[in-house]
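From first to last, the protein sequence lines stand for chains A and B.
Numbering follows this note's numbering, in which position 239 of the first sequence is assigned residue number 239; successive positions increment by one, without gaps.
Remember, this note's numbering sits 333 above the position in the second sequence when you count from 1.
Built from N, CA and C at the ideal position, the CB exists for glycine as well.
Remarks on the structure that follows.
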Amino acid sequence: MNSFAYTRADGVTHAVSERADEPTAAFVAGGTNLIDLMKENVARPTRLIDINRLPLATITDTENGGLRLGALVTNADTAYNKKVAKNYPLLSEAILAGASAQLRNMATDGGNLMQRTRCYYFYDLATPCNKREPGSGCSAINGFNRIHAILGTGTPTGEVQCIATHPSDMCVALAALEATVRVTGPDGDRTIPFAEFHRLPGDTPQLDNTLEAGELITAIDLPANGFSKNYAYLKLRDRASYAFALVSVAAALELEGNTITDARIALGGVAHKPWRRPEVEAMLHGKSVGNDVFQTVADALLDGAQGYGHNTFKLELAKRAIVRALSQAAKLN
Amino acid sequence: MTQQTYIGKPINRLDGLDKVTGKAKYAAEFDTPNLLHGYVVNSTIAKGKIKKINTQDALGLPGVIKVFTHENRPKLAWFDMSYKDQDAPPGSPFRPLRDAKIRYSAQPIALVIAETFELARYAASLVTVEYEEMAHQSDLEANRHRARKPASGMASLLKPPPPKPKGNFEAAFAAAPLQVTGEYVHAVEHHNPMEMFATTVVYEKGRNKSGGKYTVYDKTQGVTNSILYAAQVFDIPFKDIRVISPYVGGGFGSGLRPQYQLFMAMMAARELKRSVKVVLTRQQMFSFGHRPATIQTVALGASAEGDMTALYHSAVGETSQFEDYTEIVVNYGGMLYPPENVTLDHQIVSLDVNTPLDMRAPGGVTGISALECAVDELAFKAGIDPVEFRLKNYTDRDPLADLPYSSKELRECFRQGAERFGWLKRNPEPRSMRDGHNLIGWGMATGIWEASQAAARAEAVLLVNGKLRVSSATADIGTGTYTIMTQIAADTLGMPLEDVTFKLGDTDMPAAPIEGGSWTAATVGTAVKTVCEELAKKLFKLARKMPDSPFASVSFNEVVFVNKMIQLKKDSLMAVALQSVVDSNGGAAVRQISTGLPNMLKQRKYTRSAHSAVFAEVTVDEDLGTVRVTRIVSAVAAGRILNPKTARSQILGGMVWGIGKALEEESVIDHQFGRFMNHSLAEYHVAVNADVHDLDVIFVDEHDDIVNPLGVKGLGEIGLVGVPAAIANAVFHATGKRIRQLPITLDKLL
Ligand SMILES: Cc1cc2nc3c(=O)[nH]c(=O)nc-3n(C[C@H](O)[C@H](O)[C@H](O)COP(=O)(O)OP(=O)(O)OC[C@H]3O[C@@H](n4cnc5c(N)ncnc54)[C@H](O)[C@@H]3O)c2cc1C
Ligand code: SF4
């Protein structure tokens, strides 16, 4: 860990301008990811801009019937919020499937979006890593890649640069729910559709998302429909709690009788971002619920997936998890 | 003479309150003015040489005092002998900062000393190293053709190599109507106690030869081990050094050898003549000893009726390039089962890794986890219930050593365990029980662990206030040593528990060996009992000399020590209070130091072991491969149970470890780098609360006069030994799949 300066931001504008003045500074919220990375010398900010006092810690209704989650609401407060639990149980369950109670009490919603990969090599300065040090190489491709990506690792040149996954559970649910990320920065405010927030590694794996330098997340907006009737969050991991997902599935269905009128499926643990294929989801529209059609969709979702050895089991596991999650959402079992 | 007021009672842990209120201090928590902090730099390559180590940037920071490397380290002891500790395997122990050579990845190569911990850590990040890399070997499987016999040495006394073959395995196996053969592969595991390794050296100036006095607060499973090491390596007379370790936040074997932070802190303190603290990080907890990766082969043959006739068990384990670490892996089948034709073999392969280190039930849990799965497989082939099969092949003697067991209530373990578990209701057919997507399986296994005893010393003092203080330089690694020793002392001298204190973990106290191998209750317990008995004799002599003593013409055998008094057995009114005995001692406390020795003559005629029968229930998601251990019953026969509460906790801890070993724990080495990669507790998975469900412990009555005067066998390892095999067997029963590779992660069941 390097020596760093510390500023407590007293307002959103203050935070953004501090960061604009010092591009090597970093915002710190719960610190559950950033401080770990600093201890390992992976992150070496010259200054921490503490945003915990910013007035972004409330959950409010939006005009169009949805909810706005302030960036500084903790993961725990989000999951246990009455409206979230009632109208967006998929989100509550995804959050509660993550980390531990202690971590969820500290971790913020903004920080959760921004958490970095758990790739072992990214965390260990002794090994090459394109995400940490662009151009140094990816140790995981021929290494221990049990927790790594099987989808979306392609690059323009064809040479895979990074097979890291985004480790969040919460973001998988947010992707399925089609949330919107509200940000503010030196150039003002903007909103980013969730599907465009995280990105695939391509040949710039150092970039996890499309946030511009110096931008601050202020809130996450949930649309009105929370799919609260037919949903499932299924997380498969190496122990029953306190482990990141090997594969996770957020499944949400709208049903009329047995007929599917809308479907969302987002996968975690398989790609550099929560994985969605709206055109595959559309295959379910008008279909009756049933494991055969779910299997077809699972196969289509995994189309183009590639294993790297230790993680090859995920190809089959992900398919089975999709079928299970969809059948749970449809209450088939 | 001994009363049974406290022994056998579920006394609460006497150090519990101090621990949960933060009063109990651990090695890293001791402080002193002007303390310097050290941070260790570790190698990033597995094999080669340091060409250049650049420390100027680190040294340029104000507040950084010194960076020690192999280039500027002080002259230290020359001979390997000085670096050998009580648990050193044969070979040449690793010496930090010895030379430019890199022997394994994450080897400590520099120590940065600064005014604060934060500064030392930052400065350490500025130390850069240029290496000359050499090709390394870290893959056991790829190198198994290089397997060889381990060298023998002192360690072979405690860990004897497998005996010569008995009968003719090949012929018997070939002729056996029922055969099973399997290869079992186990991952490396790291101990990962909660407390990080740390040493605080408090230095006091002096004009003596070693330049002062050193009080060393060390995380260790034996202060005597640390002091011997530090005194020899740094050439410090024993009178100038003292090692203290009152509390240990878990050890599991990791503290059986002095770890490198002790070396580093002592070196810096001696050179700089300052007090120094060195604390390792969680990542660095993966830079020393580990349970070795192993590949085992078990082949069993039986008659058509299920009588075992042939047993083969071989193991290949890894070791470093500089020491031959061994453990007893393959002997247990020969001790538990009756075949006349037995071949056992244990070999090692030197790799570019650090030397493995005893980890809870070292060797035992490895060997039993393979053997007991093979036995399960054989029972299944024979069409016999696994418990029935074990009873059919039960031995009352140890066939390997051809000796009787000093006691062996394993039959009773099977019976009580099976009953509590409801085993009789088991349908032998795999995949016969299910609940929705979950297949349910029931499996069982036998456990065995040596009941050993070493020599230890203890002191007992009847203080002027009439209270008793007993001490021995042993450790309490969370096992309950404080509590059970207090119970033994209180009962031996007939005193209430609150009037007795037991102290440990200080080299000013009489010596005891490292706490490991489940021998502390027997070893230190015997010393405590002995010293209290001898103190009793002293007190009785004093009482006889008192004016108008009721004991003037009475012999020691005619009195008892009870209620803080010496009483005539025949007439309880004839009594002298212990308080008046000290009072009459001219105002001085009465003290006694004694040695508790194993009775070798008696012991060597027997095999002495603790046994267990473990029953496990698992659910396995048929589609997704996720395994849950919903129930475990462990029935343990381990001699006398001194304290059912601390004893139960020991067994519960072992069962949780068993879940971890069976399903989760694995230190993954990336052979590209020869480096453990999942070096954090987020990625190295131990069992968490959500993995632990219904655990039930039964202690089976077992009387044993031979193991030691207390009749105890020790409980540190027996709680773990049989658990992984019971779980693996339950997974088979649930799924029909025999997974011979631990941990059984979900991908193996897809
Ligand atoms: C052991 C462990 C296990 C875990 N397990 C899981 C799990 O199973 N599932 C899961 O989903 N997560 C898991 N987590 C991750 C946890 O959810 C994240 O660490 C947490 O959400 C991060 O939030 P934070 O507020 O602590 O962020 P910080 O650590 O404070 O910040 C993280 C990053 O976000 C940036 N940042 C923070 N807030 C903002 C903002 N408002 N705008 C712009 N940038 C911002 C910071 O600059 C930093 O780069 C685990 C973490 C640990 C340590
Ligand atoms: S997968 Fe990505 S994060 Fe991991 S080593 Fe490769 S480049 Fe680095």
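Asked: Are the beta-carbon atoms of A/Tyr242 and A/Ala97 separated by less than 8 Å?; Found: no
Asked: With DSSP as the reference, identify every bridge partner of B/Tyr738, one or two as the case may be.; Found: B/Thr940
Asked: Measure the CB-CB distance between A/Arg264 and A/Asp221 and report whether it falls below 8 Å.; Found: no
Asked: DSSP beta-bridge partners for B/Ile344?; Found: DSSP lists no partner for B/Ile344.
Asked: Do you know whose CA, among A/Ala219, A/Ala15, A/Gly30, A/Gln161, lies nearest A/Glu133's CA?; Found: A/Gln161
Asked: Where do the ends of the alpha helix (DSSP H) carrying B/Val1054 lie?; Found: 1051-1054
Asked: Does DSSP classify B/Ala948 as helix, strand or coil?; Found: Correcting the residue identity first, residue 948 of chain B is Phe in this sequence and not Ala. It is a strand residue.
Asked: So B/Leu644 is in the beta strand (DSSP E); what residue range does that whole segment cover?; Found: 641-652
Asked: Report whether the distance from the Cβ of B/Tyr645 to the nearest heavy atom of ligand 4 is below 7 Å.; Found: Looking at this structure, you won't find ligand 4 anywhere; what it does contain is ligand 1 and ligand 2.
Asked: Consider the Cβ of A/Gly268: report whether some Cβ of chain B lies at a distance smaller than 8 Å.; Found: no
Asked: Indicate whether at least one CB of chain A lies closer than 8 Å to the CB of B/Gly774.; Found: no
Asked: Taking C-alpha atoms, which residue in B/Asp678, B/Gly780, B/Leu473, B/Phe884 lies nearest to B/Ala946?; Found: B/Gly780
Asked: Please check if any C-beta of chain B sits within less than 8 Å of the C-beta of A/Leu207.; Found: no
Asked: For B/Arg624, which residues in the same chain have their Cβ closer than 6 Å to its Cβ, ignoring the five residues on either side in sequence?; Found: Glu522, Met692
Asked: Taking the Cβ atom as the reference point for each residue, do B/Ser438 and B/Ile378 lie within a distance shorter than 8 Å?; Found: yes
Asked: At least one CB of chain A closer than 8 Å to the CB of B/Ala751: is that the case?; Found: no
Asked: Going straight from the alpha carbon of B/Thr354 to that of B/Pro591, what length do you get?; Found: 28 Å
Asked: Rounded to a whole number of angstroms, what is the C-alpha to C-alpha distance between B/Gln470 and B/Arg540?; Found: 49 Å
Asked: Look at the alpha carbon of B/Met334 and the alpha carbon of B/Val581, and state the distance between them as a whole number of angstroms.; Found: With a pLDDT of only 49 at B/Met334, under the threshold of 50, the placement of this residue in the model should not be trusted, and no figure is reported.
Asked: Below 8 Å between beta carbons: does that hold for B/Pro510 and B/Ala637?; Found: yes
Asked: Beta-carbon of A/Asn142 versus every beta-carbon of chain B: anything under 8 Å?; Found: yes
Asked: Could you give the distance in angstroms between the alpha-carbon of A/Ile59 and the alpha-carbon of A/Arg277?; Found: 29 Å
Asked: Closest Cβ-Cβ distance between B/Leu1083 and chain A: below 8 Å?; Found: yes
Asked: Helix, strand or coil, according to DSSP, for B/Glu656 in the structure here?; Found: strand
Asked: Which residues in chain B sit within 7 Å of A/Tyr120, going by Cβ to Cβ distance?; Found: Met1010, Asn1011, Glu1016
Asked: Any heavy atom of ligand 1 closer than 7 Å to the Cβ of A/Asp169?; Found: yes
Asked: Alpha carbon to alpha carbon, how far is B/Asp640 from B/Leu724?; Found: 10 Å
Asked: If the cut is a Cβ gap below 7 Å, which residues of chain B does A/Thr218 touch?; Found: Per Cβ cutoff of 7 Å: no residues; A/Thr218 is ~29 Å from chain B at best.
Asked: Determine, using beta carbons only, whether A/Arg47 comes closer than 8 Å to chain B.; Found: no
Asked: Chain B beta carbons: is any one of them nearer than 8 Å to that of A/Gly170?; Found: Checking the displayed sequence, the identity of residue 170 of chain A turns out to be Met instead of Gly. Chain B, which has no Cβ nearer than 8 Å to the Cβ of A/Met170, makes this no.
Asked: Could you check where the beta strand (DSSP E) with B/Asn932 kicks off and where it finishes?; Found: Per DSSP, B/Asn932 belongs to no beta strand (DSSP E) and is neither H nor E.
Asked: DSSP puts B/Arg624 in a beta bridge; with which residues?; Found: B/Glu522
Asked: Do B/Val1088 and B/Val534 have their C-beta atoms closer together than 8 Å?; Found: Not covered by the structure: residue 1088 of chain B. The range shown for chain B is 334 to 1083.
Asked: Taking the alpha helix (DSSP H) that B/Arg723 falls in, what are its first and last residues?; Found: 719-725
Asked: Please report the residue range of the beta strand (DSSP E) in which B/Thr533 lies.; Found: 531-538
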